[in-house]
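For any residue, its number in my numbering is found by taking its place in the sequence shown, counting from 1, and adding 45.
Glycine included, C-beta positions come from ideal geometry on N, C-alpha and C.
Remember, predicted model here, so these are calculated numbers, not experimental data.
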Amino acid sequence: MAEPRILIIDDDPNLRKTLSDILRLKGYETLTAENGEKGLAVLRESRVKLVLIDLGLPDIPGLEVLARIKADFPGAEAIVLTGQATIDSAVEATNRGAFSYLVKPYEIDQLINHIRRAHEKQQAEEEIAEHHIELERMNAELKTLHEISEAISQTLDMDELVKDVLQVMLRTRIFPFEVCGGIFLVDDDRLRLASFVSLPETALKPCQEIRREQCLCGRAMATGKVVMSRDARQSEAHVLCYPETEKYERIIVPLKAIGKVVGLISLYTEPGTEVSE
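Structure representation (structure tokens):
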């Protein structure tokens, strides 16, 4: 795991250099600033995960620097260092968001232990944020499936069903695409075009039946994986491409039931659309 970049804000040049040298030997990347304003300037210009703040700075009180850091850079942790400790300053530092509070002189191993714990806290918070994003993605997918099932239950007209399904997917904004595409159903070892929307019939003549592994749709059927095509004209696999559809990029999504591919949706996106599987 990568060690965090540390900013040392202290007006004592000897302490700054000594502490910076020690932390570098321990594997940390360090930056230094001699006062509060310069420290805040460094934070605005560089990605810093942890700040060591001396309370007795010459321009801005250390507690004020701490408050501004937590307000403007909430992801950064701060450890307060002071040679004139009081109960009031310790309480105030904690209230303003300091991770911990150390009294000079301190053992370097003690400081390293505080730095490691602050980094572990940051990593835990980042993992929680990532899980939250993943849960939101899963909820969006579940909502899509629910709305698609409702659309299916409310219509038996396949042409209308395709339009409804595409509109549902468009509303959920999983990714941007044109309201243009088709649904294929598996029939033995082939794909049969069930219905389509916003495509000319001439464009789909070659696609009435597609063999397993044939063209992009057949590949998606065989592998059960999403297939993306950035440029149909340059794709050797896209053997059934109709010229009028070449201006689009394609995303082909297998539909599965009990782990088996039962069909697929072929969607068209504008060139340059960024899509993540």
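Inset, instruction - Write down every uninterrupted run of the alpha helix (DSSP H) in the region 117-154 whose length is 4 residues or greater and which is fully enclosed by it, in chain order. - result: Secondary structure within the region 117-154: the alpha helix (DSSP H) runs of 4 or more consecutive residues, fully enclosed, are 132-140 (chain order).
Inset, instruction - Drop a sphere of 10 angstroms on the beta-carbon of residue 151, count the other beta-carbons inside from all chains shown, and report buried for 16 or more, exposed for fewer. - result: exposed
Inset, instruction - Give the single residue among 308, 314 and 97 whose Cα lies nearest to the Cα of residue 142. - result: 97
Legend entry - Rounded separation between residue 127 and residue 173 - CA only: 32 Å
Legend entry - Beta-carbon spacing of residue 228, residue 265 below 8 Å: no
Legend entry - Contact under 8 Å by Cβ, residue 137 with residue 94: no
Inset, instruction - Identify the continuous beta strand (DSSP E) that holds residue 299 and give its terminal residues. - result: That run of the beta strand (DSSP E) goes 294-302.
Legend entry - CB-CB length for residue 84 against residue 54, believed under 8 Å: 4 Å
Inset, instruction - Could you check the C-alpha separation between residue 120 and residue 92 for me, to the nearest Å? - result: 10 Å
Legend entry - residue 65, DSSP secondary structure in three states: The answer is helix: DSSP assigns residue 65 an H, G or I state.
Legend entry - Beta-bridge pairing of residue 71 - partner residues as DSSP gives them: Per DSSP, none; premise fails for residue 71.
Inset, instruction - Please say whether residue 163 and residue 148 have beta carbons closer to each other than 8 Å? - result: no
Inset, instruction - Identify the continuous alpha helix (DSSP H) that holds residue 89 and give its terminal residues. - result: 81-90
Legend entry - Per-residue DSSP class, three states only, for residue 105: Looking at residue 105 - three-state DSSP - the assignment turns out to be coil, as it is neither helix nor strand.
Inset, instruction - Find out if the Cβ-Cβ distance for the pair residue 236, residue 258 is shorter than 8 Å. - result: no
Inset, instruction - Return the chain-ordered list of same chain residues with a C-beta closer than 8 Å to the C-beta of residue 323, the five sequence neighbours on each side being excluded. - result: There is simply no residue 323 to check, as the chain begins at 46 and stops at 322 in what is shown.
Inset, instruction - Go ahead and label residue 309 buried or exposed: buried means 16 or more other beta carbons lie within 10 angstroms of its beta carbon, across all protein chains shown. - result: buried
Inset, instruction - Using alpha carbons as the reference points, say which of 61, 311 and 115 lies closest to residue 262. - result: 311
Legend entry - Where the beta strand (DSSP E) through residue 226 begins and ends: 226-232
Inset, instruction - Pull up the DSSP beta-bridge partners for residue 99, would you. - result: DSSP, once it has assigned bridges, lists 126 as partnering residue 99.
Inset, instruction - Consult DSSP for residue 263 and reduce its assignment to one of helix, strand or coil. - result: helix
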